[in-house]
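Before any comments, here is the structure.
Number of protein chains: 2
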Amino acid sequence: MSDVPFSAEERAAVYRVIAERRDMRHFSGGSVAPEVLARLLEAAHHAPSVGLMQPWRFIRIRDTQLRGRLQALVEDERVRTAEALGERSDEFMKLKVEGISDCAEVIVAALMDGREAYVFGRRTLPEMDIASLSCAIQNLWLAARAEGLGMGWVSLFDPQALADLLGMPDGARPLAILCLGPVQGFYPAPMLVLEGWAQARPLEQLVYDNQWGVQP
Amino acid sequence: MSDVPFSAEERAAVYRVIAERRDMRHFSGGSVAPEVLARLLEAAHHAPSVGLMQPWRFIRIRDTQLRGRLQALVEDERVRTAEALGERSDEFMKLKVEGISDCAEVIVAALMDGREAYVFGRRTLPEMDIASLSCAIQNLWLAARAEGLGMGWVSLFDPQALADLLGMPDGARPLAILCLGPVQGFYPAPMLVLEGWAQARPLEQLVYDNQWGVQP
């Protein structure tokens, strides 16, 4: 740790990884070296957390049968989501929404149990635990991209069913099934843009001055 | 955008910024150049979002009186949090929990209204909007650190009172008051560790194998 300024090259690397990170659904098997996986989890663990609660827990799914059960949970929810989407149902069903069977590693990221004991920064905003876990996942994602590994955040599952499958105690709650590993290439833009599902909005529309809706 | 691998130096820069980012409470006034602020907001806007909903909105607080009102809201909640903390109340009241009056920029980060229309990835996990906004804030934080600027995420406020103050529509919800700007130096470790408020846990305790609580 030091107060040495970041060089122009270091700054550029930080902006590069932020810009080139993608939510990947297509993986090419292979493996993640143990020392690389350790670095990625350390990066996650460097995240900020409200009141230093460090609410993140990571469950590495190594058992092949268990991985299959996770995929079945996602498939269940994919069908239910399609039903809920109504007229966009067919379009949704054509999207690849997970890479569980072809990624090198599957990691479930979850909130710990016992969070109600943490009041600092959460008395009025209890959801700050979700925020902390999400920052940890974003760190992991950026580090993976720098290592040349893809990652996808899958949130299509019934959290209670997944919690049961992984033996989670009451109060713990999964937030992500993370697919991680080598990819053939990174999407040049978000996959949902490439597939025509959604258009990205320009930043200018999302920044206000002093009051909601007032543009600078 | 390219699939050119990150060099060892670029990878090191990514890990460096992740390790040296701090939740800052001490600022040294000054200003943030408009082009730097634009880069930071672009970094935030590069975040992943569930179903590409991009739920983030950023309100830049430029009015000095309004900044004062935000600080009063935080002070209110600081006192209420101290009461809720019981025996650790005095210890808590000694901590510096915000830098609103001495940071160069104050930005409120909020969830947009109309989020109920977004079902993709949120049917069973509606909190994925919070996750997306948090990833955007983490991007902003890392980019700020690379620019040599400190940032602090303040969550000590009544979200409805802040929403009212900023004219937010029903359904929008603030998640962060971000203090941003030059600092005299970055804490060598999380401030809450340095101040003896909390101890960081080793990562090994937080990583499981296939089932909750089972260590590799």
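In order, the protein sequences belong to chains A and B.
According to the working numbering, the stretch in the first sequence is residues 63 to 278, in order.
According to the working numbering, the stretch in the second sequence is residues 63 to 278, in order.
Glycine included, C-beta positions come from ideal geometry on N, C-alpha and C.
None of these values were measured; they are calculated from a predicted model.
Within chain B, no residue has its CB atom less than 9 Å from the CB of H88(A), the nearest being about 13 Å off. Counted as a single uninterrupted DSSP element, the stretch harbouring D232(B) is not any beta strand (DSSP E), since DSSP gives it neither H nor E.
Taken in chain order, the members of the region 126 to 146 of chain A whose beta-carbon sits within less than 8 Å of a beta-carbon on chain B are L128, E139, R142, T143 and A146. Looking at G148(B), K158(B), M155(B) and I199(B), the one whose alpha-carbon comes closest to that of L173(B) is I199(B). Looking only at G214(B), P67(B) and G92(B), the smallest Cα-Cα distance to A166(B) is reached by G92(B).
Only residues of its own chain outside the window of five on either side were considered, and among them L218, F219 and D220 have a CB closer than 7 Å to the CB of E139(B), listed in chain order. Taking the C-beta atoms as reference points, D65(A) is found nearer than 7 Å to F248(B). C-alpha of L211(A) to C-alpha of K156(B): approximately 44 Å in a straight line. Going by beta carbons, L265(A) and H108(B) fall outside the 7 Å limit.
The C-beta distance from L240(B) to I192(B) rounds to 15 Å, too long to fall under 8 Å, and the pair is not in contact. Nearest to R185(A) by alpha-carbon distance, out of V112(B), A171(B) and V136(B), is V136(B). Where A106(A) is concerned, the enclosing alpha helix (DSSP H) starts and stops at P96 to H107.
The C-beta of V79(B) has 16 or more other C-beta atoms within 10 Å across all chains shown, which makes the residue buried.
Per DSSP, the unbroken alpha helix (DSSP H) holding V141(A) starts and ends at T126 to L147. In terms of Cβ geometry, M190(A) and W203(A) do not form a close pair [threshold 7 Å]. By the Cβ-count criterion, S151(B) is exposed, with fewer than 16 other Cβ atoms from all chains shown falling within 10 Å of its own Cβ. In the same chain as L195(B), and ignoring 5 residues on each side of it, the C-beta atoms closer than 7 Å to its own belong to P117, W118, A171, L173 and L237, in chain order. A residue is called buried when at least 16 other Cβ atoms come within 10 angstroms of its Cβ; L256(A) does not meet this threshold and is exposed. Interface annotation, Y270(B): in contact with chain A, CB-CB separation under 7 Å.
Per DSSP, reduced to three states, the secondary structure at R122(A) is strand. The C-beta of I192(B) comes closer than 7 Å to at least one C-beta of chain A.
If you draw a straight line from the Cα of G229(B) to the Cα of D85(A), it is about 33 Å long. Contact of E153(A) with chain B is not assigned, every C-beta pair being separated by 7 Å or more. Within the DSSP secondary-structure output, D85(B) pairs in a beta bridge with M213(B). For V98(B), not one C-beta of chain A is nearer than 7 Å to its own C-beta. Using beta-carbon distances, G183(A) counts as an interface residue toward chain B, with a partner under 7 Å. Of all residues in the region 155 to 167 of chain A, none is placed with a Cβ closer than 7 Å to any Cβ belonging to chain B.
The beta-carbon of Q116(A) is placed less than 7 Å from the nearest beta-carbon of chain B. L147(B) places its beta carbon 7 Å or farther from that of N272(A). Neighbourhood of I239(A) in chain B, by CB distance below 8 Å: empty, with the nearest CB roughly 11 Å away. Separation of T126(B) and I162(B) (C-alpha to C-alpha, rounded to the nearest whole angstrom) is 11 Å.
By a beta-carbon distance limit of 8 Å, A75(A) contacts A75(B). Their separation comes to about 4 Å. Counted as a single uninterrupted DSSP element, the stretch harbouring A260(B) is not any alpha helix (DSSP H), since DSSP gives it neither H nor E. The beta carbon of L102(B) does not come within 7 Å of any beta carbon belonging to chain A, so the residue lies off that interface.
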